[in-house]
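In the UniProt record's numbering, the protein residues as written are 1 to 429.
Set out below in structure tokens:
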């Protein structure tokens with residue numbers, strides 16, 4: 001076949017005509033090997049017929065003509081990759097301006113895989129036919145679906161709302177116990193002398209020594225402790241895979257908080273008068289205080305809500321997806337804070353505003369985050385100029401990751417809504 005001879009290629013009913021010399025520009029590709037002995041050649045029409053999408057073939061034939069592979073924005077990247085593989089065109093031939101269209105498929109596949117895992121974790125799990133015949137297994141399976149698949153049934157949604165309420169109440173109780181309005185005067189049954197070991201100049205220590213939480217708070221706290229204890233035990237009993245349940249970090253955290261919460265409740269209700277009279281360096285006192293500190297972890301139960309509420313789960317996925325960008329932002333903030341901390345130290349050396357560079361770095365971080373405590377501020381013109389540059393740089397540096405997180409959240413949220421719409425449509429068929 002001569003170089004100037006015309007080649008007629010029929011793609012899905014649409015005819016493309018070019019010359020053989022054009023097809024020979026990429027030796028080794030499927031089009032360059034076309035001849036009259038090819039299976040696709042039709043003698044009557046003198047055409048090569050391929051049952052392919054003509055829209056996707058247009059960029060391919062234009063590559064042979066113009067030496068540049070440009071992709072339409074409306075084209076699916078996955079479909080275009082398959083087309084390139086069929087015509088044996090290397091991906092490297094795609095023009096740089098169109099990489100976004102082609103490689104967006106990788107992001108979409110990763111996004112789809114993540115959302116599928118999220119959907120699998122929330123979907124209804126059916127019993128095997130053999131287990132479904134036994135009442136015990138049906139009851140156990142129903143309990144597991146109620147506790148771990150809140151969106152699988154109406155009762156699951158009710159329990160989900162109850163769990164959220166109990167988490168909020170538990171955190172409220174913990175927070176309110178530190179406020180004087182929710183405490184009453186302590187009645188010393190065995191100890192009449194003031195505590196000799198506390199710092200009488202510290203109002204917080206004095207408040208905890210002279211007052212106790214209101215009894216209603218204690219009763220509600222016990223109710224919350226009972227609820228979370230039963231929820232954890234029933235979940236362990238009903239889970240199909242107990243080892244995976246016990247290895248889950250949130251479940252480990254939950255049982256530690258439950259144990260410490262019960263320990264502190266028992267001590268507070270039965271032995272607190274004795275414990276407050278102990279020396280702060282004694283083993284029992286230190287152990288008691290450490291248990292109190294661990295109960296702060298009950299706030300981490302908010303992360304367990306991510307398994308129950310899709311929007312919160314999507315938010316955490318978005319932040320996790322941006323982990324590399326957030327890490328780089330943290331490094332940049334530290335570098336910039338060091339730079340401006342040193343600059344302010346040198347600019348204010350005569351005024352002694354900043355006594356050392358670490359203090360200057362602290363000032364720079366506070367300024368970059370627009371907190372501005374006011375404990376340190378520049379007094380010279382040069383110092384104010386450094387502070388202005390520091391504030392503007394902080395705004396620019398910290399605002400960039402927000403757009404990335406918002407973009408990822410929108411991607412995940414949109415895909416989740418599309419998936420829910422598809423599920424609703426399939427159920428309605």
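Where a beta carbon is used, it is the ideal one built from N, C-alpha and C, also for glycine.
| Check | Outcome |
| --- | --- |
| Residue 332 and residue 397 - do their beta-carbons sit closer together than 7 Å? | yes |
| Just tell me which of 354, 310, 355 and 293 has its CA closest to the CA of residue 175. | 293 |
| Name the residue from 37, 21, 148 and 48 whose alpha carbon lies nearest to the alpha carbon of residue 15. | 48 |
| According to the Cβ coordinates, are residue 171 and residue 299 closer than 7 Å? | yes |
| Once you ignore the five residues that flank residue 325 on each side, which residues in its own chain have a CB closer than 6 Å to its CB? | 401 and 404 |
| Helix or strand or just coil, what does DSSP make of residue 211? | strand |
| Rounded to a whole number of angstroms, what is the C-alpha to C-alpha distance between residue 162 and residue 150? | 11 Å |
| Where are the beta strand (DSSP E) runs, 3 residues long or more, that stay fully inside the segment 305-341, in chain order? | none |
| Determine the burial state of residue 66: buried for a count of at least 16 other Cβ atoms within 10 Å of its Cβ, exposed for fewer. | exposed |
| What span of residues does the alpha helix (DSSP H) with residue 20 cover, start to end? | 20-23 |
| Could you check whether the segment 82-94 touches the segment 34-47, counting it as contact only if at least three pairs of C-beta atoms, one from each stretch, sit closer than 8 Å? | no |
| Where DSSP assigns a beta bridge to residue 6, which residues make up the other side? | 19 |
| Suppose you measure from the CA of residue 61 to the CA of residue 73; what does that come to, to the nearest Å? | 17 Å |
| Under 7 Å between the Cβ atoms of residue 227 and residue 236? | no |
| Between which two residues does the beta strand (DSSP E) carrying residue 185 extend? | 183-185 |
| Which residue spans inside the segment 210-267 form an unbroken beta strand (DSSP E) run of at least 3? | 211-213 |
| For residue 58, which of 34, 75, 202 and 296 has the nearest alpha-carbon? | 75 |
| If I'm right that residue 344 touches residue 363 with Cβ under 8 Å, what's the distance once you round it to whole angstroms? | 6 Å |
| When we look at the beta-carbon of residue 192 and count the other beta-carbons within 10 Å, is it buried (16 or more) or exposed? | Low confidence applies here, because residue 192 scores a pLDDT of 48, under 50, leaving its location unreliable; read the following figure in that light. Exposed: under 16 other Cβ atoms inside 10 Å. |
| According to the neighbour-count rule (16 or more other Cβ atoms, all chains shown, within 10 Å of its Cβ), is residue 320 buried or exposed? | exposed |
| Quick one: what's got a C-beta closer than 6 Å to residue 304's C-beta in the same chain, skipping five residues either side? | 250 |
| Per the DSSP calculation, residue 50 is bridged to which residue(s)? | 11 |
| To the nearest angstrom, how far is it from the Cα of residue 377 to the Cα of residue 368? | 13 Å |
| Give every residue of the same chain whose Cβ lies closer than 7 Å to the Cβ of residue 122, excluding the five residues on either side of it in the sequence, and list them in chain order. | With a pLDDT of 47 at residue 122, under the threshold of 50, the modelled position of that residue is not reliable, and no figure is offered here. |
| Taking all protein chains shown into account, do 16 or more other C-beta atoms lie within 10 angstroms of the C-beta of residue 181, making it buried, or fewer, making it exposed? | exposed |
| In angstroms, rounded to a whole number, what distance separates the CA positions of residue 358 and residue 164? | 43 Å |
| Quick one: give me the first and last residue of the alpha helix (DSSP H) that residue 83 is part of. | 77-86 |
| Can you say whether residue 310 is buried or exposed, counting buried as having 16 or more other CB atoms within 10 angstroms of its CB? | buried |
| Within the continuous alpha helix (DSSP H) that includes residue 358, where are the two ends? | 357-368 |
| Take residue 360 as the anchor and find which of 78, 230 and 348 has the nearest alpha-carbon. | 348 |
| Would DSSP call residue 371 helix, strand or coil? | coil |
| Please state whether DSSP places residue 385 in a helix, a strand or coil. | helix |
| Identify whether residue 26 lies in helix, strand or coil by the three-state DSSP scheme. | coil |
| Check whether the Cβ atoms of residue 468 and residue 173 lie closer than 7 Å to each other. | With the chain covering 1 to 429 only, the question about residue 468 has no answer from this structure. |
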